[in-house]
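Peer 1:
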Amino acid sequence: MERKVVYPQKVLPYLLLAPQIAITLVFFFWPAGQAIWMSTLLQDPLGFSVQFVGLENFEAVLKDTAYVATLQRTFLFSFGVTALAMIPALLLAVMVDRVVRGATAYRTVLVVPYAIAPAVAGALWLFLFQPSIGTIAYPLRLLGIDWNPRIDGTDAMIVVVIASAWKQIGYNFLFFLAGLQSIPKSLLEAAAIDGASEVRRFWTIVFPLLSPTTFFLLVINITYAFFDTFGVIHAVTQGGPGKSTEVLIYKAWYDGLIAQDLGRSSAQAVILMIIVIGLTVIQFRYVERRVHY
Amino acid sequence: MPTRRLLLAAAAIAGLATAPALAQQARTPITMWIGVTGPAQEEIMRYAQEFNASQTQFEAKVEFRGQYPEQRAAAFAAFRAGNPPHIMQMFDAGTGDMFALPRATIPVSEVMQRAGVQFDPAAYIGPARGYYSRPDGTMNSLPFNVSTAVMFINNDIFTRAGLDPSKPPRTWPEVIAAANQIRERNAAECGFTTTWLAWTMLEQYSALHDLPLSTEANGRGGLNAVLNFNDAPRARMVQTLVDASRNKAFQYGGRSNDANALFVAGTCGMLIQSSGGHAAIARDLKASFSVAPMPFWPDVIAEPKNSIVGGASLWVFNAPNRSAEELRGVAQFLSFLARPEVYVRFAKATGFLPATNAAFQAMQAEGFFQQNAGRDVPILQLTRGTPTANSSGYRFGRWTEIRDMYHEEVERALQGQQTAQAALDNAVRRGNDALRQFERSVGASN
Numbered sequence: 258m259e260r261k262v263v264y265p266q267k268v269l270p271y272l273l274l275a276p277q278i279a280i281t282l283v284f285f286f287w288p289a290g291q292a293i294w295m296s297t298l299l300q301d302p303l304g305f306s307v308q309f310v311g312l313e314n315f316e317a318v319l320k321d322t323a324y325v326a327t328l329q330r331t332f333l334f335s336f337g338v339t340a341l342a343m344i345p346a347l348l349l350a351v352m353v354d355r356v357v358r359g360a361t362a363y364r365t366v367l368v369v370p371y372a373i374a375p376a377v378a379g380a381l382w383l384f385l386f387q388p389s390i391g392t393i394a395y396p397l398r399l400l401g402i403d404w405n406p407r408i409d410g411t412d413a414m415i416v417v418v419i420a421s422a423w424k425q426i427g428y429n430f431l432f433f434l435a436g437l438q439s440i441p442k443s444l445l446e447a448a449a450i451d452g453a454s455e456v457r458r459f460w461t462i463v464f465p466l467l468s469p470t471t472f473f474l475l476v477i478n479i480t481y482a483f484f485d486t487f488g489v490i491h492a493v494t495q496g497g498p499g500k501s502t503e504v505l506i507y508k509a510w511y512d513g514l515i516a517q518d519l520g521r522s523s524a525q526a527v528i529l530m531i532i533v534i535g536l537t538v539i540q541f542r543y544v545e546r547r548v549h550y
Numbered sequence: 006m007p008t009r010r011l012l013l014a015a016a017a018i019a020g021l022a023t024a025p026a027l028a029q030q031a032r033t034p035i036t037m038w039i040g041v042t043g044p045a046q047e048e049i050m051r052y053a054q055e056f057n058a059s060q061t062q063f064e065a066k067v068e069f070r071g072q073y074p075e076q077r078a079a080a081f082a083a084f085r086a087g088n089p090p091h092i093m094q095m096f097d098a099g100t101g102d103m104f105a106l107p108r109a110t111i112p113v114s115e116v117m118q119r120a121g122v123q124f125d126p127a128a129y130i131g132p133a134r135g136y137y138s139r140p141d142g143t144m145n146s147l148p149f150n151v152s153t154a155v156m157f158i159n160n161d162i163f164t165r166a167g168l169d170p171s172k173p174p175r176t177w178p179e180v181i182a183a184a185n186q187i188r189e190r191n192a193a194e195c196g197f198t199t200t201w202l203a204w205t206m207l208e209q210y211s212a213l214h215d216l217p218l219s220t221e222a223n224g225r226g227g228l229n230a231v232l233n234f235n236d237a238p239r240a241r242m243v244q245t246l247v248d249a250s251r252n253k254a255f256q257y258g259g260r261s262n263d264a265n266a267l268f269v270a271g272t273c274g275m276l277i278q279s280s281g282g283h284a285a286i287a288r289d290l291k292a293s294f295s296v297a298p299m300p301f302w303p304d305v306i307a308e309p310k311n312s313i314v315g316g317a318s319l320w321v322f323n324a325p326n327r328s329a330e331e332l333r334g335v336a337q338f339l340s341f342l343a344r345p346e347v348y349v350r351f352a353k354a355t356g357f358l359p360a361t362n363a364a365f366q367a368m369q370a371e372g373f374f375q376q377n378a379g380r381d382v383p384i385l386q387l388t389r390g391t392p393t394a395n396s397s398g399y400r401f402g403r404w405t406e407i408r409d410m411y412h413e414e415v416e417r418a419l420q421g422q423q424t425a426q427a428a429l430d431n432a433v434r435r436g437n438d439a440l441r442q443f444e445r446s447v448g449a450s451n
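Chains as they are written, first to last, in our numbering: chain X, 258 to 550; chain S, 6 to 451.
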């Protein structure tokens with residue numbers, strides 16, 4: 258039985274909500290509205306001439322083969338980042354969960370990367386993978402691997418995926434660890450007494466019970482890969498070599514700020530917005546059904 | 006326009022009447038945004054302090070707003086918001102955008118004239134004057150940090166490879182031969198590299214070989230220019246880089262200034278770089294070095310033409326809220342910067358070129374070029390011969406982006422994903438799309 262809570266005050270709840278609503282309006286709805294309006298315009302870099310062109314910018318963007326290639330690349334990139342940010346985080350969390358002594362120390366060390374700014378993380382990995390002096394590139398060359406992210410698109414993609422994912426591992430780790438610690442020990446002990454192996458206990462008890470956390474992190478990480486990896490890419494590859502690390506958010510930024518083509522840049526921003534709204538809806542509608550709370 | 010002039014004149018008269026009273030209370034601030042770092046930035050900041058100390062009416066405030074492209078984006082956004090800086094430093098590639106949007110700025114000639122400050126465009130070295138002036142001789146922006154591309158040579162690596170650093174390679178076949186020799190004798194990890202690929206291998210290369218980048222006199226004739234740099238001589242240059250990268254006779258060092266690190270670390274024996282990078286090389290390279298002109302293909306041109314200017318110039322933004330007093334301050338500050346002694350100091354401290362003939366002669370007279378071997382190479386290369394339509398610079402909208410298209414396509418050729426010819430064909434096709442889009446976007450505004 259649920260008891261409905263009734264506030265005697267009519268105004269107070271709205272007052273309490275007001276700051277949040279104001280922030281959402283100013284920082285989300287207003288810029289989103291601007292983007293939608295600007296995506297229908299053709300204007301020169303300084304805004305002297307503004308022509309209404311309807312959906313022409315969308316048509317141009319979607320017909321552009323380079324844009325379609327960037328779209329596919331973005332999905333590949335986001336999948337790579339999400340997988341690489343979540344799987345090691347889960348592994349580390351399971352391991353730290355078993356540690357009895359010094360758990361705080363491990364936890365702190367593992368969370369630190371999250372505090373590092375994306376651009377700094379990018380610069381760090383750029384050094385490690387720098388073809389002639391990099392600490393990781395050097396052994397790779399000794400192994401006979403021709404490593405050069407400046408020329409080789411695949412190498413460059415590997416660097417930006419690792420740099421982007423690495424930063425996010427600490428965050429995922431914390432959530433996984435919290436999730437693990439909320440799993441009742443009695444369940445695991447009972448299973449152990451019944452003779453279930455450690456691997457079996459993980460897959461049949463721990464992993465299903467972790468699924469709310471996993472689902473939450475999936476949403477967060479995909480959004481992160483779509484939007485927050487700009488700093489890493491800008492610092493490490495600037496979308497190159499060729500276009501091999503250019504993702505949607507980077508292209509929208511480039512076309513808007515460097516090329517000063519605000520109409521097409523806005524059209525891309527709107528498309529990006531639709532993609533992310535769509536992804537989130539799919540996740541909540543279908544993935545959530547399979548999640549055990 | 007005439008009404009606005011009248012209003013400005015009226016405001017100027019009103020301003021004159023009140024100026025003495027105001028001068029004691031507050032100085033009129035003059036903001037200038039710049040996009041250079043290192044020694045060049047420090048120098049400009051110092052000139053602003055000296056200007057402020059030299060008079061009591063105006064206060065020049067110089068602000069660094071990110072590297073050139075970011076600074077440009079910030080200034081454009083500020084202009085849209087109705088509050089641009091008084092002066093901005095726009096790099097070479099952005100010049101075409103500014104010429105296509107004349108209502109955004111006031112030509113420097115006019116700023117000086119309105120303020121009654123003496124200003125003579127003829128004082129500037131020809132290539133800089135041509136690059137930043139309208140056909141009628143009105144100078145749109147003030148050339149400040151003028152540079153051009155030259156080749157730097159690591160003398161130690163040359164000696165180790167059995168080459169004579171006092172006889173640097175003059176032509177591309179000689180450069181490739183020298184680079185191969187450096188590799189064969191294992192004198193260095195790479196033969197040569199270049200910074201700013203599009204600027205050196207497309208823009209400077211085309212000027213040197215008297216080849217057009219487009220129709221309409223490299224865009225100076227109108228916004229309807231069509232790019233056509235996808236011909237055999239340009240494709241051969243790209244193919245040469247692709248071939249030379251196989252044995253590391255050439256190593257690609259990225260789109261911007263990053264290849265400079267390969268040279269100062271001793272990884273590469275030769276570097277094609279802006280003359281403005283001279284001071285930094287002298288500071289960082291642990292070996293002696295020489296400066297040589299840009300190489301050329303003797304079968305394309307027997308006597309190479311002049312190279313073109315790079316660097317940046319100072320533009321004066323127009324805005325509805327600009328007072329005549331502010332414009333007077335802008336004129337004062339710009340003419341302070343445009344004095345020969347400032348140009349000489351700036352050139353000496355950075356490696357950029359003296360922008361005026363008087364400044365160059367002053368440096369010659371005091372024997373600067375005798376004491377600093379190689380420092381005259383860029384200016385001699387820039388001013389040699391009679392410039393043609395192809396070696397007088399270019400003027401395209403969205404050139405910043407088109408440069409990157411060239412970078413992307415050449416990078417794909419270097420990865421072996423396409424031929425050199427396909428790289429240039431793609432760059433031209435994509436570049437023309439951008440030019441048409443730009444032409445349409447500004448079409449209704451002029």
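Idealized CB from N, CA, C, for every residue including glycine.
Check whether the stretch 286-301 of chain X and the stretch 519-529 of chain X touch, using three or more Cβ-Cβ pairs below 8 Å as the test.
Peer 2: Counting Cβ pairs under 8 Å, three or more are found: they touch.
Peer 1: Just to check my reading of the structure: X:Thr-339 and X:Ile-462 have Cβ atoms closer than 8 Å, yes? What is that Cβ distance to the nearest angstrom?
Peer 2: Taking the first sequence and counting its residues from 1, one reaches residue 339 of chain X at position 82. Taking the first sequence and counting its residues from 1, one reaches residue 462 of chain X at position 205. So it is not a contact: roughly 24 Å between Cβ atoms.
Peer 1: Between the Cα of X:Val-489 and those of X:Ala-360, X:Gln-387, X:Ile-532, X:Gly-379, spot the shortest distance and give me the residue it belongs to.
Peer 2: What you label residue 489 of chain X is simply residue 232 of the first sequence in a count that begins at 1. Selected option, being the one with the closest Cα: X:Gly-379.
Peer 1: Please name the residue in S:Phe-234, S:Leu-419, S:His-91 whose C-alpha comes closest to that of S:Val-335.
Peer 2: By 1-based counting over the second sequence, the position of residue 335 of chain S is 330. The option with the nearest alpha carbon to S:Val-335 is S:His-91.
Peer 1: Considering only the alpha carbon of each residue, which of X:Leu-467, X:Thr-471, X:Ala-422, X:Phe-464 lies closest to X:Asp-485?
Peer 2: By 1-based counting over the first sequence, the position of residue 485 of chain X is 228. Taking only the C-alpha atoms, the option nearest X:Asp-485 is X:Ala-422.
Peer 1: For a minimum of 3 consecutive residues, which ranges assigned as the beta strand (DSSP E) are wholly contained in the stretch 432-498 of chain X?
Peer 2: With a minimum length of 3 residues, no continuous beta strand (DSSP E) run stays inside the stretch 432-498 of chain X.
Peer 1: Return the Cβ separation of S:Pro-298 and S:Met-103 in integer angstroms, given the expectation that the two are a contact with Cβ distance under 8 Å.
Peer 2: Translated into the one-based positions of the second sequence, residue 298 of chain S becomes position 293. Translated into the one-based positions of the second sequence, residue 103 of chain S becomes position 98. So it is not a contact: roughly 30 Å between Cβ atoms.
Peer 1: Does the beta-carbon distance from S:Ile-39 to S:Asn-323 come in below 8 Å?
Peer 2: Locating residue 39 of chain S in the second sequence gives position 34, counting from the first residue. Locating residue 323 of chain S in the second sequence gives position 318, counting from the first residue. No.
Peer 1: Sorted by chain position, which residues of the same chain lie with C-beta nearer than 7 Å to S:Ala-98's C-beta, five sequence neighbours on each side aside?
Peer 2: Locating residue 98 of chain S in the second sequence gives position 93, where the first residue counts as 1. Within the same chain, S:Ala-98 has close Cβ partners Trp-404, Thr-405, Arg-408.
Peer 1: Compute the Euclidean distance between the alpha carbons of S:Trp-177 and S:Pro-300, then round it to the nearest angstrom.
Peer 2: For the purposes of this step, residue 177 of chain S is identified with residue 172 of the second sequence, where counting begins at 1. For the purposes of this step, residue 300 of chain S is identified with residue 295 of the second sequence, where counting begins at 1. Using only the alpha carbons, I get a separation of about 5 Å.
Peer 1: With 7 Å as the C-beta to C-beta threshold (strictly closer), list the residues of the stretch 301-321 of chain X near chain S in chain order.
Peer 2: Under the 7 Å Cβ criterion, the stretch 301-321 of chain X contributes Asp-301, Pro-302, Leu-303, Gly-304, Phe-305, Ser-306, Gln-308.
Peer 1: Have a look at S:Gln-123, S:Gln-118, S:Arg-175, S:Ala-53 and flag the residue whose alpha-carbon is nearest the alpha-carbon of S:Ala-307.
Peer 2: Sequence index remark: in the second sequence, residue 307 of chain S carries index 302 (1-based). Checking every option, the nearest Cα to that of S:Ala-307 belongs to S:Arg-175.
Peer 1: Does chain X have any CB closer than 8 Å to the CB of S:Pro-140?
Peer 2: If you number the second sequence from 1, residue 140 of chain S lands on position 135. So no, S:Pro-140 is outside the interface.
Peer 1: Among S:Val-151, S:Asp-304, S:Leu-106, which one has its Cα closest to the Cα of S:Glu-179?
Peer 2: Looking up residue 179 of chain S in the second sequence gives position 174. Residue S:Asp-304 is the option with its Cα nearest to S:Glu-179.
Peer 1: Quick test of your reading: S:Phe-268 and S:Leu-429, contact by CB under 8 Å. State the CB separation rounded to the nearest angstrom.
Peer 2: Here residue 268 of chain S is taken as the residue at index 263 of the second sequence, counted from 1. Here residue 429 of chain S is taken as the residue at index 424 of the second sequence, counted from 1. Between S:Leu-429 and S:Phe-268 the Cβ distance is about 26 Å, and since that is not below 8 Å, they are no contact.
Peer 1: In this structure, how does DSSP classify X:Tyr-363 when only helix, strand and coil are distinguished?
Peer 2: Numbered from its first residue, the first sequence carries residue 363 of chain X at position 106. Here X:Tyr-363 sits in helix by DSSP.
Peer 1: At least one CB of chain X closer than 8 Å to the CB of S:Gly-356: is that the case?
Peer 2: The count along the second sequence starts at 1 and reaches residue 356 of chain S at position 351. Not an interface residue.
Peer 1: Taking all protein chains shown into account, do 16 or more other C-beta atoms lie within 10 angstroms of the C-beta of S:Pro-7, making it buried, or fewer, making it exposed?
Peer 2: Here residue 7 of chain S refers to the residue found at position 2 of the second sequence. With a pLDDT of 45 at S:Pro-7, under the threshold of 50, the modelled position of that residue is not reliable, and the figure given next carries that caveat. By the neighbour-count rule (16 or more Cβ atoms within 10 Å), S:Pro-7 is not buried but exposed.
Peer 1: Note down, in chain order, each residue of its chain lying with its Cβ closer than 6 Å to the Cβ of S:Ala-183, except the 5 sequence neighbours on either side.
Peer 2: Counting from 1 along the second sequence, the entry for residue 183 of chain S is found at position 178. Excluding residues within five positions, the ones whose Cβ falls inside 6 Å are Leu-168, Pro-174.
Peer 1: Any idea what DSSP makes of S:Ile-111, helix, strand or coil?
Peer 2: Walking along the second sequence from the start, residue 111 of chain S turns up at place 106. Three-state DSSP puts S:Ile-111 in a strand.
Peer 1: Tell me which residue opens and which closes the beta strand (DSSP E) that S:Met-299 is part of.
Peer 2: On the second sequence, position 294 is the one that residue 299 of chain S refers to. No beta strand (DSSP E) holds S:Met-299; DSSP gives it neither H nor E.
Peer 1: For S:Asn-159, write down the residues that DSSP places opposite it in a beta bridge.
Peer 2: On the second sequence, residue 159 of chain S is found 154 positions in, with the first residue counted as 1. S:Phe-294.
Peer 1: For S:Gly-190, which residues of its own chain have a beta-carbon under 8 Å away from its beta-carbon, when the five flanking residues on both sides are left out?
Peer 2: Walking along the second sequence from the start, residue 190 of chain S turns up at place 185. Reading off the sequence, residue 190 of chain S comes out as Arg, not Gly. Once the five neighbours on either side are set aside, the close Cβ partners of S:Arg-190 are Arg-165, Ala-166, Gly-167.
Peer 1: In or out: S:Ala-26 buried (at least 16 other Cβ within 10 Å) or exposed?
Peer 2: Along the second sequence, one-based indexing puts residue 26 of chain S at 21. Because the pLDDT of S:Ala-26 is 48, which lies under 50, any placement of that residue in the model is unreliable, and the question is left without a value.
Peer 1: Taking buried to mean at least 16 other C-beta atoms within 10 Å of its own C-beta, is X:Ile-408 buried or exposed?
Peer 2: Within the first sequence, numbered from 1, the residue matching residue 408 of chain X stands at position 151. Result: buried.
Peer 1: Pick helix, strand or coil for S:Ala-28, following the three-state DSSP scheme.
Peer 2: As a working mapping, residue 28 of chain S is identified with position 23 in the second sequence. Reliability of the predicted coordinates at S:Ala-28 is poor, the pLDDT of 46 falling under 50, and the value obtained from them is presented with this limitation in mind. In the structure shown, S:Ala-28 sits in a helix (DSSP, three-state: H, G or I).
Peer 1: Let me see if you follow: with CB-CB separation under 8 Å, is S:Arg-134 close to chain X or not?
Peer 2: As a first step, residue 134 of chain S must be located in the second sequence, where it is residue number 129. No, S:Arg-134 lies away from the interface with chain X (no Cβ there is under 8 Å from its Cβ).
Peer 1: Using beta-carbon positions only, say whether X:Leu-434 and X:Val-353 come within less than 8 Å of one another.
Peer 2: Numbered from its first residue, the first sequence carries residue 434 of chain X at position 177. Numbered from its first residue, the first sequence carries residue 353 of chain X at position 96. The answer is yes: Cβ separation under 8 Å.
Peer 1: Does DSSP put S:Ala-166 in a helix, a strand or coil?
Peer 2: What you label residue 166 of chain S is simply residue 161 of the second sequence in a count that begins at 1. Correct three-state label for S:Ala-166: coil.
Peer 1: Let me know the secondary structure DSSP gives S:Glu-64 once reduced to three states.
Peer 2: Taking the first residue of the second sequence as position 1, residue 64 of chain S is located at position 59. Of the three classes helix, strand and coil, the one that applies to S:Glu-64 here is strand, per DSSP.
Peer 1: Starting from S:Ala-78, find everything on chain X with Cβ-Cβ shorter than 9 Å and list it in chain order.
Peer 2: Counting from 1 along the second sequence, the entry for residue 78 of chain S is found at position 73. Simply Gly-513, Leu-514, Ile-515, Gln-517.
Peer 1: Can you check which of these residues, X:Thr-494, X:Phe-472, X:Leu-400, is closest to X:Ile-539 by C-alpha distance?
Peer 2: Taking the first sequence and counting its residues from 1, one reaches residue 539 of chain X at position 282. Nearest of X:Thr-494, X:Phe-472, X:Leu-400 to X:Ile-539, Cα basis: X:Phe-472.
Peer 1: Would you mind giving the Cβ-Cβ distance between S:Val-113 and S:Ser-59, rounded to the nearest angstrom? I have them listed as a contact below 8 Å.
Peer 2: The residue given as residue 113 of chain S occupies position 108 in the second sequence. The residue given as residue 59 of chain S occupies position 54 in the second sequence. With 8 Å as the limit, S:Val-113 and S:Ser-59 do not qualify as a contact, their Cβ atoms being about 20 Å apart.
Peer 1: Taking 8 Å as the CB-CB limit, is X:Lys-500 close to chain S?
Peer 2: Here residue 500 of chain X refers to the residue found at position 243 when the first sequence is read from its first residue. Closer than 8 Å: yes.
Peer 1: Less than 6 Å between C-beta atoms, sequence neighbours within five positions excluded: which residues of the same chain meet that for S:Gly-258?
Peer 2: The count along the second sequence starts at 1 and reaches residue 258 of chain S at position 253. Within the same chain, S:Gly-258 has close Cβ partners Thr-198, Ala-264, Leu-267.
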